[in-house]
Amino acid sequence: MAKKAKPKATKKPRAAVPAVYKVIEIVGTSRTSWADAAKNGIESASKSLRDLRVAEVEKLDAKVEGSTLIYRAKLKVSFKYHGDD
């Protein structure tokens, strides 16, 4: 006699924990590339912001200083807002 298939256990969706995020704009710079400019901006922001979550590149440009090219990455960065700050 064939066994009856057991119904699969379904996971209940986990309720999302309410959270608030703040979004700011920063500009990272580099003498080598736009990727490094974005990385430098994120690394610098992470030193003073807690719970950094998302970084979105808004704009890439370059500044000419004499014979030197400075790559700039404008980023929107979000971090978790803590009301006790």
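Converting from the sequence shown to my numbering requires adding 14 to each position, the first position being numbered 1.
Glycine included, C-beta positions come from ideal geometry on N, C-alpha and C.
Collapsed DSSP secondary structure at residue i in the structure displayed
{"i": "SER58", "result": "helix"}
{"i": "ASP65", "result": "coil"}
{"i": "ALA19", "result": "coil"}
{"i": "LYS36", "result": "strand"}
CA-to-CA distance, residue j to residue i, given in whole angstroms
{"i": "GLU39", "j": "TRP48", "result": "16 Å"}
{"i": "ILE148", "j": "ARG28", "result": "The question about residue 148 has no answer here: the residues shown for the chain are numbered 15 through 99."}
{"i": "LEU74", "j": "ASP50", "result": "12 Å"}
{"i": "THR24", "j": "VAL78", "result": "59 Å"}
{"i": "ALA33", "j": "GLU57", "result": "23 Å"}
Proximal residues to residue i (C-beta, below 8 Å), its chain only, five neighbours per side dropped
{"i": "ALA52", "result": "GLY42, ALA69, VAL71, ALA87, LEU89"}
Contact set for residue i: own chain, Cβ-Cβ below 7 Å, skip 5 residues either direction
{"i": "TYR35", "result": "ARG67, SER92, PHE93, LYS94, TYR95"}
{"i": "ASN54", "result": "GLY42, THR43, SER44"}
{"i": "LEU63", "result": "PHE93"}
Own chain, CB closer than 6 Å to residue i, minus 5 neighbours either side, in chain order
{"i": "THR46", "result": "none"}
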